[in-house]
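Student: Residue numbers (the numbering used here): 2 to 442.
#1: Classify residue 231 as buried or exposed, calling it buried when 16 or more other Cβ atoms lie within 10 Å of its own Cβ.
#2: Measuring alpha carbon to alpha carbon, tell me which residue in 321, 268, 139 is nearest residue 306.
#3: Classify residue 23: buried if its beta carbon has 16 or more other beta carbons within 10 angstroms, exposed otherwise.
#4: Return the residue from the list 393, 65, 288 that minimises the CA-CA distance to residue 370.
#5: What are the partner residues of residue 341, as DSSP defines its beta bridges?
#6: Return the first residue and the last residue of the alpha helix (DSSP H) that residue 73 is part of.
#7: Below 8 Å between beta carbons: does that hold for residue 282 and residue 255?
#8: Measure the C-alpha to C-alpha separation of residue 317 and residue 177 and round it to an integer number of angstroms.
#9: Does DSSP classify residue 412 as helix, strand or coil?
#10: Taking the alpha carbon of residue 340 as the reference point, which residue from 395, 387, 404 has its own alpha carbon closest?
#11: Measuring only the C-alpha atoms, how far is residue 345 from residue 272?
#12: Relative to the C-alpha of residue 204, which candidate in 107, 244, 136, 293 has its C-alpha closest?
#13: Could you say if the stretch 85-100 and the stretch 183-202 meet the contact criterion of at least three C-beta pairs nearer than 8 Å?
#14: Do residue 274 and residue 214 come within 8 Å of each other at the CB atom, strictly closer than that value?
#15: Taking the C-alpha atoms as reference points, what is the distance between residue 356 and residue 167?
#16: Taking the alpha carbon of residue 364 as the reference point, which residue from 285, 331, 164 has its own alpha carbon closest?
#17: Span of the alpha helix (DSSP H) holding residue 162?
#18: Under the rule that 16 or more other beta-carbon atoms within 10 Å means buried, what is residue 388, buried or exposed?
#19: Suppose you measure from the CA of residue 25 to the CA of residue 64; what does that come to, to the nearest Å?
#20: Consult DSSP for residue 34 and reduce its assignment to one of helix, strand or coil.
#21: Please classify residue 28 as buried or exposed, where buried requires at least 16 other C-beta atoms within 10 Å of its C-beta.
#22: Which stretch, first to last residue, makes up the alpha helix (DSSP H) that contains residue 169?
#23: Under a three-way DSSP split, which group does residue 24 fall into?
#24: State the Cα-Cα distance for the pair residue 426 and residue 409, rounded to the nearest angstrom.
#25: According to DSSP, is residue 404 helix, strand or coil?
#26: Could you tell me if residue 398 is buried or exposed, where buried requires 16 or more neighbouring beta carbons within 10 angstroms of its beta carbon?
#27: Return the residue from the list 423, 412, 428 that minimises the CA-CA distance to residue 438.
#28: Please return the same chain residues whose Cβ sits closer than 6 Å to the Cβ of residue 111, not counting the five positions on each side in sequence.
#29: Measuring straight from C-alpha to C-alpha, what distance separates residue 429 and residue 386?
#30: Do you know offhand how far residue 157's Cα is from residue 50's?
#31: Drop a sphere of 10 angstroms on the beta-carbon of residue 291, count the other beta-carbons inside from all chains shown, and report buried for 16 or more, exposed for fewer.
#32: Determine the closest residue to residue 253 out of 241, 227, 102, 207, with distance taken between C-alpha atoms.
#33: In the stretch 227-298, which residue ranges form an unbroken alpha helix (DSSP H) of at least 4 residues, counting only runs that do not cross its ends?
#34: Thinking C-alpha only, which one of 55, 103, 151, 258 is nearest residue 70?
#35: Which two residues bound the contiguous alpha helix (DSSP H) that contains residue 192?
#36: CB residue 327 to CB residue 319, shorter than 8 Å?
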């Protein structure tokens, strides 16, 4: 080989050896840093400062998860194997008169004597106090550093750390490791809380691809696991982000999962997945069991202005099931004044209820209409001032006072007070107009 080629080959070999050594040293440094940060989590709890751990990136997350879920950690490299005769000599050196010799023997056995644990355990019972002490020290060094108690104490700090995980790389790692832990079945003790923290962190990341990695949990054979995943993702999502996972949960063949998913559809109207959510809820409303249909109707009415859902909800105020009737009334009573445009078909849907002989239905229809705004809404509300029950009139007046276009309301009331053919409407329109005018700043 020419001298130049030989020189180049030697140089590359040196560089490669240095790189391997540097990488191993760096890996050891990271591992030590993660160990220190994990201890800080346990010590400081909710006051833990996660910035140093975030700075370690994916290595930091993997290191922490190795401690929280040791059963899912990558298999460690096989420890170097030491000949039995050499182990026996080192064990004898544990009692040497020379202190450096005792230290070297101890370090060597910690590093490479693990495969001869029985010999070290036997030495721990030695009559020589120094040998016994050092053998016990070696055995202790082989034990996992983080016990279950430390893991439990670290949960508050881990929660603080996961709140800052937003990058897809770490979210994907977190989702995959969570799946590895959860797939075998329902965890024990504090592991349930830890699992919930991991699922919540993935949901907060607002990344559909990463959330999709958790989808097998929603389909898990253990219903508890399916409900935990659905409820946790639902409760920690942002109102502008409705994960595909939740849409798929709405289509589950298990009613308990669907029921859990529906509960977390609030504010989904503002998300990019609003159309998918509405279609999923409409499918439930059209074809699932009556309890699910009732639950879906409330979200469809409030979030998506669905006329059929409003009508159904009003009808349920007369349900023979007292709890359902009360829930329907309560939902109508809680309907916030959104001021949105009147959806197509809603007036036609509500019209029969305005004329119903049942007070609760007339009141419910007035309440539902008052959620919306515009000339048609104001005009129809004014006409309801002639209702024979004061509770309906009171609801109509409240809705008119909350309309965003008060100029429109005053004009409609003025016209009705002067020229409406219904005497009660003329009188009530005039009285309400006077109240509104008096209240003007």
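Ideal Cβ positions, reconstructed from N, Cα and C, are used throughout, including at glycine.
Tutor: In short, the structure shows the following:
#1: Classification for residue 231: buried.
#2: Of the candidates 321, 268, 139, the one whose C-alpha sits nearest the C-alpha of residue 306 is 268.
#3: For residue 23, the predicted structure reports a pLDDT of 35, less than 50, and the residue's modelled location is therefore unreliable. A value from the coordinates is still provided. Looking at its Cβ environment, which holds fewer than 16 other Cβ atoms inside 10 Å, residue 23 is exposed.
#4: Ranking the options by Cα distance to residue 370, first place goes to 393.
#5: Looking at the DSSP output, residue 341 bridges to 373.
#6: For residue 73, no alpha helix (DSSP H) encloses it, and the DSSP letter there is neither H nor E.
#7: In this structure, the beta-carbon distance from residue 282 to residue 255 does not fall below 8 Å.
#8: Using only the alpha carbons, I get a separation of about 44 Å.
#9: Residue 412: helix per DSSP, three-state reduction.
#10: Answer by Cα proximity: 404.
#11: Distance between the alpha carbons of residue 345 and residue 272 is about 22 Å.
#12: It is 244 whose Cα lies nearest to the Cα of residue 204.
#13: Short answer: they don't touch.
#14: Against a cut-off of 8 Å, the Cβ pair of residue 274 and residue 214 comes out as no contact.
#15: As the crow flies, the alpha-carbon of residue 356 is around 54 Å from that of residue 167.
#16: Ranking 285, 331, 164 by Cα distance to residue 364 puts 331 first.
#17: Looking at the DSSP string, the run of the alpha helix (DSSP H) that includes residue 162 is 156-163.
#18: By the neighbour-count rule (16 or more Cβ atoms within 10 Å), residue 388 is buried.
#19: Unreliable placement is indicated for residue 25, whose pLDDT of 41 sits below 50; no coordinate value is reported for it.
#20: Helix, per DSSP.
#21: Residue confidence for residue 28 is low, a pLDDT of 44 falling below 50, so the modelled location carries little weight; the figure read from the coordinates is stated next. A residue is called buried once 16 or more other Cβ atoms fall within 10 Å of its Cβ, and residue 28, having fewer, is exposed.
#22: It spans 169-183 - the alpha helix (DSSP H) in which residue 169 sits, taken as one unbroken run.
#23: The predicted model places residue 24 with a pLDDT of 39, which falls under 50 and marks its position as unreliable, so this point remains unresolved.
#24: Rounded to the nearest whole angstrom, the C-alpha separation of residue 426 and residue 409 is 17 Å.
#25: The answer is coil: DSSP assigns residue 404 none of H, G, I, E or B.
#26: Burial call: buried.
#27: Per the Cα distances, 412.
#28: Scanning its chain for C-beta atoms nearer than 6 Å, with the 5 sequence neighbours on each side dropped, one finds around residue 111 the residues 139, 142, in chain order.
#29: C-alpha separation (whole angstroms): 7 Å.
#30: The straight-line gap from Cα to Cα measures roughly 11 Å.
#31: With fewer than 16 Cβ atoms within 10 Å of its Cβ, residue 291 is classed as exposed.
#32: The shortest C-alpha separation from residue 253 is found at 227.
#33: Fully enclosed alpha helix (DSSP H) runs of 4 or longer: 245-251, 256-264, 275-288.
#34: The shortest Cα separation from residue 70 among 55, 103, 151, 258 belongs to 151.
#35: Note, residue 192: alpha helix (DSSP H), 191-205.
#36: Using a Cβ distance threshold of 8 Å, residue 327 and residue 319 do not count as a contacting pair.
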